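Just so you know, the protein sequences line up as chains V and Z, in that order.
Its first residue numbered 10, the first sequence is counted upward by one per residue in my numbering.
Its first residue numbered 10, the second sequence is counted upward by one per residue in my numbering.
In what follows, a structure is listed as C-alpha cells, so that the remarks can point back to it.
There are 2 protein chains.
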Amino acid sequence: MVSEEIIRSLTVKTPSKIALLVLDGVGGLPVDGKTELEAAHTPHLDELASRSICGVTDAVSPGITPGSGPGHLSMFGYDPLRYEIGRGVLEALGIGMELGKEDVVARGNFATMDKQGLIVDRRAGRIPTEKNIELCDLLQNEIKEIEGVRVEIRNGKEHRFVLRFSGEGLDGRLQDTDPQREGQPPRPVTPIVPEAQRTARIVELFLERANQILRDHRPANTVLLRGISQIPEIPSMSELFKLTPACIATYPMYKGLATLVGMEILTTGEEIADEFISLKENYDRFDFFYIHIKKTDSYGEDGDFQRKVQIIEEVDRHIPELLALGPDVVAVTGDHSTPSLLKAHSWHPNPFILYSRYERADDVREFTEAACARGGLGRFLAVDEMPLMLASALKLKKFGA
Amino acid sequence: MVSEEIIRSLTVKTPSKIALLVLDGVGGLPVDGKTELEAAHTPHLDELASRSICGVTDAVSPGITPGSGPGHLSMFGYDPLRYEIGRGVLEALGIGMELGKEDVVARGNFATMDKQGLIVDRRAGRIPTEKNIELCDLLQNEIKEIEGVRVEIRNGKEHRFVLRFSGEGLDGRLQDTDPQREGQPPRPVTPIVPEAQRTARIVELFLERANQILRDHRPANTVLLRGISQIPEIPSMSELFKLTPACIATYPMYKGLATLVGMEILTTGEEIADEFISLKENYDRFDFFYIHIKKTDSYGEDGDFQRKVQIIEEVDRHIPELLALGPDVVAVTGDHSTPSLLKAHSWHPNPFILYSRYERADDVREFTEAACARGGLGRFLAVDEMPLMLASALKLKKFGA
C-alpha cells in the first residue's frame, strides 16, 4: 500500500472502464469436502478466471475478520485501519439514512430498567417491530430538537432504532451508554475528547426526556445507545483516483458505504438480474462500477450452504452480460468470507480474479478459494486491489524518475 | 500485522486450545538434492499437512536472518522490530538467570590488554572454562555490590561470562566497551541517553575494580562488555491475547524468552519424549502450548545433516500423541531456518502448517519447505501466525462494524 498522496499524484483520467463485482461474503469453508464456490457450477466465472490473473486478499490483515465497513473500504482503495466507520454510522447507512458531515448517529436499543435504575433486559424482551415503530413515533413527536439540534429517530427491527442529531459543531466522540451487561445502570454519556462536551450534554438531555416519556411503557421503559459516531472524512474516489464511480447495490448499507467515497448510486431493482440491467443502462456514464451482490453473505450468515451456492450460480449466468459491455478491467471478489459453516463473517482470504488485456495469465482455471490461492497474484492486502485495477486500466503513471 | 491495541480489543477468552510446535531452525537447504525436511521420513507430519492449510513465513522480513529473540517474538505475535532483546539479556536467559525488570545485564569476555592499555586478544586466548570459573569466583568474591547495586557474575564457556547489576533506577542504555578490534583500547562506558549516566558510572567502577583484581592474571587481565541491556517491557500473552500459555522447552534461553511474554514454564526432562509427556500431563491447565524442539537447530549449526534429519523423524513419531489430545488448533513451524549447509541461522522462510476444523485445506501433502511454499496461506510474516491461530481457534472478534 502506498500513501494516498502518492496514489493521488499518479492517477490519470482516461476513458478505460473498470467493473468491480463484489459477491459479499463469497469465500467459504468446506462442508462435505467442498466450499460453496467449489460446489457451485460456474462455467462463466471459471472461463473468466482462465483468462485472468488470480490471487487471494486479506481485507485488513491475516487472521482479522472484517466488518462490512473495513471490508468495503479496503476494496475501494482506502486503508481500513485509518478510516473507522462507527456502528451508529453503519446502522444509519443500513436503513438508508442520508448523513451530513456533522450529523452524530447512534445505534439505539429499547431496554428495560428496574426501579433501582438497573438494566434488567438490554433488549426489552425483543419487542415486536410494530411496538418499536409506535415508540419511535411517540419519541419523535415529543422530541424534535434539543438546544437547536434536530433529533431524528428511525425504527429498525425488534428493539433496534437509529438516532440522529443534526446541527452545527457536533462531535460524536462519546462512549456507549449501553453497559453491555444486565444488572448494571446505563453508563453516563461520557465525552472521549473535550470537544464533545456540548454533544454529550445534548445526548444526555435526550436520554432524560426519553426516560420520562417511556416511564410507564414496560418492558421498553428506557433506551441504550451504542456506536455513537460521525462519518469519517474520506477523500472521494474522484479526488484520489480520478474516477467517475457508480454503485449498483440492492441494500441500503452498501449504497451508504459507496456514498461515503463519493460514488453515484444508481437506481436498480431487488433482483440480481436488475443490477446487471442497471449496469448496461448506465454503462456510458461512468468509468468505474461497483456491483454488489448481497445474498451470498445473507445465506452464508443463515448457514444455508445450498442457497449460497445457488446465488453464486445465478451471478455466474449474468457474467456474459457484463463481459459483453467490454470493460477494460473486470475484478471479481468478496469483501470478506462468510462460510455457511460459521454463519458469520470470517478471517479467511477472499478469492480475487483480475481480467485485463494488460495482465499476465496464470494457470488458474476456476473461481474458487483454493485455485485463486495458487494464482499469479499470490496473497495480498485488499487495499491494493484498487492500485492493481487502476494500473491494468492504464490509469496510473510511473512512480519516481 | 495490526496494532497491539486492535488485537487486544478483539481477543476473547474461550476454552479452545492451541498447540504451537516449534522445531528450532527446521528449514534447510538441499544437500545432494534434498533439504533435511525432504530427506526425513515424516508420515505423521505429512498426514497433518494434508489436513491443514500451509504456507511459509518470514520471521522479520524477506532476506533477514533472525536471531532467536526476533525469531521467537514474532511467532508469539510480537513485532520483532518493536521489541529488542539485547545480547546481554539473551545470554542471561541462556544460562537460566532470572531477570528483574530493572536488572541490567551484559555479555562479558575475558580479554588480554598490553601495557599501553590496548586490547591484544579480545578472547584472552579462549581460556579454558575451568579458568573462567576460577576468575568469575575471584571477581564475585571481591565485588558484591557497588553504590548499593548488587553485582552478579556467572561464567559461561571459555572466555564468556554474564554480568548482572540489580538495583533501583538502573538504565541499560549504554554502549559496548568491547572495541571489536584488537590494537585498540577498550571503549569507555558511554550512556546513550542521559538517564543512563548513573548506571554508566557504576559499570565504570566495576571495570576499574575488575582491572585491579585481574592485573596479574595474564592472559585474562581485563574484561570487555557487550550488549548491555534490560528486558524490554512486553505486554503478556494473557493481557494481549487472553491466553493462559505454557512453555515446554529443554534449553534455558527458550524458557527465558517464554517468561518475557508471560508463559508458565513447565517442568520437563531432557528428551523430546519428555516434552510430549509434559504436554499430556499439563494439557488441562492451559489453552496455549509452546513446545520447543532445540536439536534441529543444534545439529543444523553443527552442519550435521543426518542428525538433523533424525531429530525431525523423532519429532514426527510423537505427533500422534499431540493430536490424540485433540487440540483445536495445531501449528508446526520453525523460528528461523538453520541449514546444515550453512551451519548457521539463515534468512530462508519457515514452513508453516495450520490445522483447525475452521481452516480451508490446500493440496499440500507433506511438511517440506517447497510444498508449504505452494500452500494456501502463501508467504506471510511470522508475526501474523498468532492472529491466524487465534482466529482459527475462534478467539478473535470481528474488526469494525
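All C-beta atoms, glycine included, are put in the ideal place defined by N, C-alpha and C.
Treat the numbers as computed from the prediction; the structure is a model and nothing was measured.
- Listed in chain order, the positions of the segment 128-139 of chain V with a beta carbon within less than 7 angstroms of a beta carbon of chain Z would be empty, since no residue qualifies.
- Two segments are said to touch when three or more pairs of C-beta atoms, one from each, lie closer than 8 angstroms; by this definition the segment 59-76 of chain V does not touch the segment 103-123 of chain V.
- Runs of the alpha helix (DSSP H) lying entirely within the segment 188-258 of chain V, each at least 4 residues long, are 206-223, 246-250 in chain order.
- For Z:MET395, a Cβ of chain V is located within less than 9 angstroms of the residue's own Cβ.
- By the neighbour-count criterion, in which a residue is buried when 16 or more other Cβ atoms sit within 10 angstroms of its Cβ, Z:HIS50 is exposed.
- Closer than 9 angstroms at the C-beta level to chain V, one finds these residues of the segment 369-393 of chain Z: ARG369, ALA370, ASP371, ASP372, ARG383, GLY384, GLY385, LEU386, GLY387, ARG388, PHE389, LEU390, ASP393.
- Under the 9 angstroms criterion on CB atoms, V:SER77 is classed as interfacial with respect to chain Z.
- Of the other Cβ atoms in all chains shown, 16 or more fall within 10 Å of the Cβ of V:ASN118; this residue is therefore buried.
- By the Cβ rule, the segment 173-181 of chain Z counts as touching the segment 150-158 of chain Z, because three or more pairs are nearer than 8 angstroms.
- Z:ILE94 sits in coil when the DSSP states are folded into three classes, being neither helix nor strand.
- At least one C-beta of chain Z is nearer than 9 angstroms to the C-beta of V:GLU93.
- Short of 8 angstroms from the beta carbon of V:VAL338, and not among the five residues preceding or following it, lie these beta carbons of its own chain, in chain order: SER25, LYS26, ILE27, ALA28, LEU363, TYR364, SER365, MET398, SER401, ALA402.
- For Z:GLY126, the CB contacts under 7 angstroms within the same chain, skipping 5 residues up- and downstream, are PRO194 in chain order.
- Within chain Z, the residues placing a beta-carbon under 7 angstroms from that of V:HIS357 are ARG369, ordered along the chain.
- Measuring C-alpha to C-alpha distances from Z:ILE136 to each of Z:LYS124, Z:LEU108, Z:GLY165 identifies Z:GLY165 as the nearest.
- At least one C-beta of chain V is nearer than 9 angstroms to the C-beta of Z:VAL11.
- Per DSSP, Z:PHE174 lies in no alpha helix (DSSP H); the unbroken beta strand (DSSP E) holding it starts and ends at 169-175.
- V:GLY109 places its beta carbon 9 angstroms or farther from that of V:SER238.
- Against chain V, the beta carbon of Z:LYS304 has no neighbour under 7 angstroms; the closest one sits roughly 30 angstroms away.
- Residues of chain V whose Cβ lies closer than 8 angstroms to the Cβ of Z:LYS124 do not exist; the shortest such Cβ separation is about 57 angstroms.
- Partner residues in a beta bridge of Z:LYS264, as assigned by DSSP, do not exist.
- Against V:ILE62, chain Z offers no close residue; the least beta-carbon distance is about 15 angstroms (beta-carbon pairs closer than 7 angstroms).
- The beta carbon of Z:SER18 does not come within 9 angstroms of any beta carbon belonging to chain V, so the residue lies off that interface.
- Nothing from the segment 311-330 of chain V brings a Cβ to less than 7 angstroms from some Cβ of chain Z.
- For the 9 angstroms CB-CB criterion, V:GLU375 and V:MET84 do not form a contact.
- Any Cβ of chain V closer than 9 angstroms to the Cβ of Z:PHE408 would place that residue at the interface, and such an atom is present.
- By the rule that beta-carbons nearer than 9 angstroms mark a contact, Z:ALA340 does not touch chain V.
- Fewer than three beta-carbon pairs drawn from the segment 268-275 of chain Z and the segment 215-232 of chain Z are found closer than 8 angstroms, and the two stretches are therefore not classed as touching.
- If you check the CB distance, V:ARG17 and V:GLU248 come in under 9 angstroms.
- Close partners of V:HIS354 in chain Z (Cβ separation under 9 angstroms): LYS407.
- Close CB contacts of V:LEU266 within its chain, under the 6 angstroms cut and outside five residues either way in sequence, are with HIS81 (chain order).
- Secondary structure of Z:PRO75 (DSSP, three-state): coil.
- Z:LYS43 carries a strand assignment under DSSP once its states are collapsed to helix, strand and coil.
- At a cut-off of 9 angstroms between beta-carbon atoms, V:GLU242 makes no contact with chain Z.
- Contact annotation: Z:ALA340 and Z:THR347 have beta-carbon atoms that are not nearer than 9 angstroms.
- The closest CA to that of V:ASP55, considering only V:LYS406, V:PRO396, V:ASP371, is found on V:ASP371.
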